[in-house]
Structure formats: C-alpha cells, structure tokens
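Colleague:
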Ligand SMILES: Nc1ncnc2c1ncn2[C@@H]1O[C@H](COP(=O)(O)OP(=O)(O)O)[C@@H](O)[C@H]1O
Ligand SMILES: [Mg+2]
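In the numbering used here, the protein residues as written are 1251 to 1444.
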C-alpha cells in the first residue's frame, strides 16, 4: 500500500501524535473498536520478498463505517484480512475490542473471530452442500448453541433479512440474476450479528 491510498492518510491523521486533546480524552474514556499500529506485511514467495503493507495506522470507533479504497494490488484485501484476524502481520499490532489479536494463538484467534467478527465475503464462503439454514445453524452450534435452539435462531435470523423462503436452498441458489438482492445478504455473518 502506497502513500496515495486514503487509508494511509486516515491512519496518520488519527495517530496519537496528531490527536487533539479532546480526542485523546475521549479515547481514554472509550476504547477503539479497531486500533492498528505500524502494520507491515511482507509476503515471501520463494526467494522473493514483497512488501504489501508498510506502516499502516488506523483507529476506528464503534459504530463507524469506513470505506477502504485503493487501486488493485494496493493491499486492501491484505489489510482487511489482518484487521479481521485471518492473516498475521509481519509487524505492528492490531487491537480489536481492546485485545491485541496479534498475540493470540491460532485457536484463540479462531475463537475470537467466531464470537466477535462477521464477514460478508464477495464469494459467500458457505458450505455448498448445506442449505442456507444449515450454514447459519452450523455457525451457531460452533458457538456452543444446542442444535434445536440454534436452528430456530437461524430461521429467525434468515427471516429478519428476508431470506426465510431460501432457508432450504443451497448457497448456489442464493446468488445471481433476479435473486441478487436476497442472494447477496450477509448469511455467513448472521450468526455473529444480524
Ligand atoms: N499470499 C500472497 N503471496 C504473495 N503476494 C501476495 C499475497 N497476497 C497478496 N499479495 C500481493 O500483495 C499485494 C496486495 O494484494 P491485495 O491485498 O490482494 O491487494 P488489493 O486487495 O488491494 O487488490 C499485491 O501485489 C499482491 O500480489
Ligand atoms: Mg482485493
């Protein structure tokens, strides 16, 4: 990611050194939902090392909505993956909900993602052999819910996003064409937060 990316500027702008006193005070009162500092990512492919991210700083308050913009190959997916605990950065740290996720083990990280992070993937990333209902139910049972209440909750959640009639459909029938509106609904993230 290079200097012309908006996010880099945003990160610098909200870094502690440029924060106003008022902002600094409110930061002390309420922890940031996301606080990433000095993020670096170096991909090693064979003998070649490629630096995809260099010193990215970013702070996000709870309830804020951000757009991450930049040309293809500028590191958007890499950064999002790091902020979501899918990739571990080569340097820097990521605090989510006041916890440094770069210090968690792989299994702790998987638990953290399960309970705190909802993903809306472009390509769904659903289990193709399971119905929409079964996909959402599975995420709930993985979080410790019993099968029966999980199924009921999954149905309620699908209903809330207008997908109740697609409950028994496999993921391939949820996307494309005239069904786009319902098909692109955030099924995989439902179990975390609808
Ligand atoms: N696993 C990887 N191994 C090597 N290089 C990678 C890997 N993932 C991404 N890259 C490289 O890092 C850069 C940023 O990629 P990416 O985050 O996918 O960009 P964007 O999402 O902004 O298009 C690109 O040059 C890409 O080729
Ligand atoms: Mg991308």
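Beta carbons are placed, not taken as given, at the ideal position from N, Cα and C, and that holds for glycine.
This one's a predicted model, so the numbers in the text were calculated from it and none came from an experiment.
Cutting at 6 Å between CB atoms, please list the residues of its own chain near residue 1414, excluding the five before and the five after it.
Modeller: Within the same chain, residue 1414 has close Cβ partners 1408.
Colleague: In chain order, which continuous runs of the beta strand (DSSP E) of length 3 or greater are located wholly inside the stretch 1325 to 1408?
Modeller: Whole beta strand (DSSP E) segments, 3+ residues: 1341 to 1346.
Colleague: Taking the C-alpha atoms as reference points, what is the distance between residue 1387 and residue 1400?
Modeller: Taking the straight line from one Cα to the other gives about 5 Å.
Colleague: Using only the alpha-carbon positions, how far apart do residue 1300 and residue 1422 sit?
Modeller: Going from the Cα of residue 1300 to the Cα of residue 1422 covers about 36 Å.
Colleague: Please report how far the alpha carbon of residue 1398 lies from the alpha carbon of residue 1283, in whole angstroms.
Modeller: Distance between the alpha carbons of residue 1398 and residue 1283 is about 33 Å.
Colleague: To the nearest angstrom, how far is it from the Cα of residue 1345 to the Cα of residue 1330?
Modeller: C-alpha separation (whole angstroms): 13 Å.
Colleague: Let me know if residue 1334 comes out buried or exposed under the rule of 16 or more other beta-carbons within 10 Å of its beta-carbon.
Modeller: That one is buried.
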